[in-house]
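Visitor:
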Amino acid sequence: MTHATATRQNKARGFTLVEVMFALGIFAMAALAAVAATSQHLNNLNYMQDKSLAQYAGANALARISLEYPPENNDTGVETVGGKQWHWRAEVLETQTQDVFYVTIRVYDTANMPTDDSGALVVLSRYLGAN
4 MTHATATRQN KARGFTLVEV MFALGIFAMA ALAAVAATSQ HLNNLNYMQD KSLAQYAGAN
64 ALARISLEYP PENNDTGVET VGGKQWHWRA EVLETQTQDV FYVTIRVYDT ANMPTDDSGA
124 LVVLSRYLGA N
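So for the sequence shown, the numbering used here puts the first residue at 4; every next one is plus one.
Below, the structure written as structure tokens:
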């Protein structure tokens, strides 16, 4: 074995511990960013699902109120949609036209039912008149 061959073999030993630790640190930061992005995406999907189900619950509540003419102000109820209960509250305003009401439905998640009108997941409104 010549001196040049022995020198080449010594140089081809691999990465140093510092280089490996640095590479692992970069990989760990990238993995954390990927996990955080995935978690945020799943939270957004859950929120979109809740908004869609609350929209259906609000539409059901509006249909119920329209069947019980004239509507009552501050009427409340619970709709079960998607295996989940949704509380709703109706606000009824009289309009300038006789026997026509402006009905607003606010739908709340059962776990987050506030005491006032803030925090509604969905707000639906429509005009309701006598048939």
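Beta carbons are placed, not taken as given, at the ideal position from N, Cα and C, and that holds for glycine.
1. Can the beta-carbon of V84 be found closer than 8 Å to that of L56?
2. Put Q52 into one of helix, strand or coil per three-state DSSP.
3. Measuring straight from C-alpha to C-alpha, what distance separates F104 and L70?
4. Taking Cβ positions, are Q88 and V81 nearer each other than 8 Å?
5. Exposed or buried, which one is A26 when buried takes at least 16 other CB atoms within 10 Å?
6. Thinking C-beta only, is V106 closer than 8 Å to L124?
Guide: Working from what's here:
1. yes
2. Three-state DSSP puts Q52 in a helix.
3. 13 Å
4. yes
5. exposed
6. no
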